[in-house]
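Residue numbers (the working numbering): 3 to 550.
Note sheet for the following structure.
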């Protein structure tokens, strides 16, 4: 997961005028479009992925349970699953997206208590941002309220709800108020830590055995606690290390490192494996402002405003897998150099996968370092890179994956390319790719699951006004004084839909409904119909009994 990199951010840091409000930045900004739509965002989950185009079309591919096209088929080539989409985020088995109208939709293996959702299901409205991770989703509403849903680990309290017991939370529940941004890592570690901003104040919660929350302890935090102030950008590491940039371009890091790392990702010096509170590792005014940070399992990269890069850690993944890195281990941030000893310069953005790091230069040259087990570096084989090496040219954006069987996606002027992975590289095959190849996107008819509507509505006495129609939702019904009750009988247009009724209190599922009234009294009945695709419609019937 990588911070957005923009020249505006660099300029603002240099000028000392950055505010979190300018960092819509922490999600990719749409590129200027010509006559045709282009990919603006790629979300990668476990065995599935999705691509969002500038015109709002969303395509998905991967294993059957995760695709969302209304079928139970593996789709190794992109298929269109939604339109009118603003942003997308992928987790372990689910994909969530935010539409332009503020509604959130989910498909895939969302909750263990649910069946696999083979098509998108609407789960929330009034949302400004969403993020998905291992088995949870966070949504930030337009009013600053933060909600979560998914799996709450008893060992980490991932959802931030104050719950110490483990289990699935099916409905979105409130984490807190007054938040302005939220971050959650997409990777295959279950006991994650999540973070959110209130203005420039960072809060964290979740697993904390490596000090990754940053609150000065190693105690699991089941609800948000304050981490630090003056945060203008934040990086969630691949495993347990995190970093924040402050308004003067300084970098603070905290947390731990994976058991396989030979260098210190925190840049704290040799032996500092766990840092429980944010510590300044780079002083912006002295060293030059930092505008971006990325953290892989073995390398932390710090992009300076002048386009050069500092690093701490080790260049390749060393440990259980063996191997030797030519890149010296750096226990404090150190200038990153090329094979000839010259500085890596002209870099516009840095990003990281689980075991590799990428450096995109302003001229479109893409360099990489690290492991290449699945062909994610696109080198024509699975050889690793121990020093920054050019792997592609003409690149506009890069999206790297923190998931198992890594795939890397790059955007070029003529389309989206990928290498690595297997089920989710989008290249119409279930085998990994070792060279970057172009994905093809062909528009298809969207699958439209049945809406939550009534097919008929009958009353035992009186007459509905107006006459019933599935697309009319407001009615009046007058019954004679001699009738103490009226029975409402209905049929659904979707056999799997659910109907719940309310006469002013809580909704209860019903198959039919009998309403009792005193003479001269009025009751309002609401029938809420939830279709199998998550579409909800509510029918309102105002019933009045005559006085005499």
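We put the CB at the ideal spot given by N, CA and C, even for glycine.
Original post:
From 303, 135, 281 and 122, pick the residue whose C-alpha is nearest to that of residue 154; which is it?
Top reply: Shortest Cα-Cα distance from residue 154 to any of 303, 135, 281 and 122 involves 135.
Subject >> Local conformation of residue 372 per DSSP, three classes >> reply: Looking at residue 372 - three-state DSSP - the assignment turns out to be strand.
**OP:** Express the C-alpha separation of residue 410 and residue 467 in angstroms, rounding to a whole number.
**Re:** Across the structure, residue 467 and residue 410 are spaced so that their CA atoms are roughly 59 Å apart.
Original post:
If you check the beta carbons only, do residue 243 and residue 297 fall under 7 Å apart?
Top reply: Contact flag set, yes.
Original post:
What does a CB cutoff of less than 6 Å around residue 139 pick up in its chain, not counting 5 residues either side in sequence?
Top reply: 98, 151 and 152, listed in sequence order.
Original post:
So is residue 497 buried or exposed if we call it buried at 16+ other beta carbons inside 10 Å?
Top reply: Exposed.
**OP:** Note down the Cα distance separating residue 377 from residue 440, rounded to an integer number of angstroms.
**Re:** Near 15 Å, if we compare the C-alpha coordinates of residue 440 and residue 377.
Original post:
Looking at the unbroken beta strand (DSSP E) that takes in residue 516, where does it start and where does it end?
Top reply: Start and end: 514 to 518.
**OP:** Below 7 Å CB to CB, which residues in the same chain sit around residue 49 once its five sequence neighbours on both sides are set aside?
**Re:** The beta carbon of residue 49 is closer than 7 Å to those of 64, 65, 68, 425 and 426 in its chain, skipping five residues each way along the sequence.
Subject >> Outcome for residue 221 when other beta-carbon atoms lying within 10 angstroms are tallied against a minimum of 16 >> reply: Classification for residue 221: exposed.
**OP:** Return the CA-CA distance between residue 252 and residue 205, expressed in angstroms with no decimal places.
**Re:** For residue 252 and residue 205, the distance between alpha carbons rounds to 19 Å.
Original post:
Any idea if residue 344 is buried or exposed, counting beta-carbon neighbours within 10 angstroms, 16 or more meaning buried?
Top reply: With fewer than 16 other Cβ atoms within 10 Å, it is exposed.
Subject >> Burial state of residue 482, where buried means 16 or more other Cβ atoms lie within 10 Å >> reply: That one is exposed.
Original post:
Who are the Cβ neighbours of residue 385 in its own chain at under 7 Å, not counting the five residues just before and after it?
Top reply: When the five nearest sequence neighbours on each side are left out, the beta carbons in the same chain lying within less than 7 Å of the beta carbon of residue 385 are those of 374, in order along the chain.
**OP:** Tell me where the alpha helix (DSSP H) around residue 524 begins and ends.
**Re:** From DSSP, residue 524 is part of no alpha helix (DSSP H) but of the beta strand (DSSP E) over 524 to 532.
**OP:** Give every residue of the same chain whose Cβ lies closer than 7 Å to the Cβ of residue 523, excluding the five residues on either side of it in the sequence, and list them in chain order.
**Re:** Correct list, in chain order: 547.
**OP:** Determine the contact status of residue 400 and residue 412, defining contact as a CB-CB distance below 7 Å.
**Re:** In this structure, the beta-carbon distance from residue 400 to residue 412 falls below 7 Å.
Original post:
Considering only the beta carbon of each residue, do residue 85 and residue 103 sit closer than 7 Å?
Top reply: In this structure, the beta-carbon distance from residue 85 to residue 103 does not fall below 7 Å.
Original post:
What are the complete beta strand (DSSP E) segments, minimum 3 residues, inside the region 167 to 244?
Top reply: Fully enclosed beta strand (DSSP E) runs of 3 or longer: 169 to 178, 183 to 186, 195 to 200, 203 to 208, 223 to 230 and 233 to 238.
**OP:** Evaluate contact between the region 469 to 486 and the region 500 to 513, counting only Cβ atoms and requiring at least three cross-stretch pairs below 8 Å.
**Re:** Look at the beta carbons and you see the region 469 to 486 not touching the region 500 to 513: under three pairs across the two are nearer than 8 Å.
**OP:** Report all residues from its chain with a CB closer than 8 Å to the CB of residue 397; omit the five preceding and five following residues, and keep chain order.
**Re:** Counting only Cβ-Cβ distances below 8 Å, and skipping sequence neighbours, we find 362, 366, 367, 368, 412, 413 and 414.
Subject >> Distance, residue 517 Cα to residue 504 Cα >> reply: Going from the Cα of residue 504 to the Cα of residue 517 covers about 11 Å.
Subject >> Close-in-space but distant-in-sequence residues of the same chain around residue 129 (CB under 8 Å, 5 per side omitted) >> reply: Cβ within range, chain order: 100, 104, 105, 106, 141, 142, 143 and 144.
**OP:** Report the three-state DSSP secondary structure of residue 287 (helix, strand or coil).
**Re:** Here residue 287 sits in helix by DSSP.
Subject >> Length of the line joining the Cα atoms of residue 225 and residue 47 >> reply: Cα-Cα distance, rounded: 26 Å.
Subject >> Cβ-Cβ separation, residue 163 to residue 177 (assumed contact under 8 Å), whole Å >> reply: About 6 Å; that satisfies the 8 Å criterion.
Subject >> Cβ shell of residue 539 (< 6 Å), same chain only, five flanking positions each side left out >> reply: Around residue 539: 454, 455 and 531.
**OP:** Let me know if residue 542 comes out buried or exposed under the rule of 16 or more other beta-carbons within 10 Å of its beta-carbon.
**Re:** It counts as exposed.
Subject >> Continuous alpha helix (DSSP H) assignments of at least 4 residues falling wholly in the region 331 to 378 >> reply: Unbroken alpha helix (DSSP H) stretches of 4 residues or longer found wholly inside the region 331 to 378: none.
Original post:
Among 302, 111 and 218, which residue has its Cα nearest to the Cα of residue 279?
Top reply: Checking every option, the nearest Cα to that of residue 279 belongs to 218.
**OP:** On a CA-only basis, which of 335, 147, 239 and 238 is nearest residue 200? Give me that one, please.
**Re:** Nearest C-alpha to residue 200: 147.
Original post:
Taking C-beta to C-beta, are residue 341 and residue 350 nearer than 7 Å?
Top reply: For the pair residue 341 and residue 350, the CB atoms are not nearer than the 7 Å cut-off.
Original post:
Do you know how far the Cα of residue 402 is from the Cα of residue 90?
Top reply: Whole-angstrom Cα-Cα distance: 15 Å.
Subject >> residue 168 classed as buried or exposed, judged by whether at least 16 other C-beta atoms fall within 10 angstroms >> reply: Exposed is the call here.
Original post:
Just reading off the beta strand (DSSP E) that residue 405 is part of, what are its end residues?
Top reply: Residue 405 -> no beta strand (DSSP E), and no H or E assigned at all.
Original post:
Start and end of the beta strand (DSSP E) containing residue 451?
Top reply: Premise fails: residue 451 is in no beta strand (DSSP E) and is neither H nor E.
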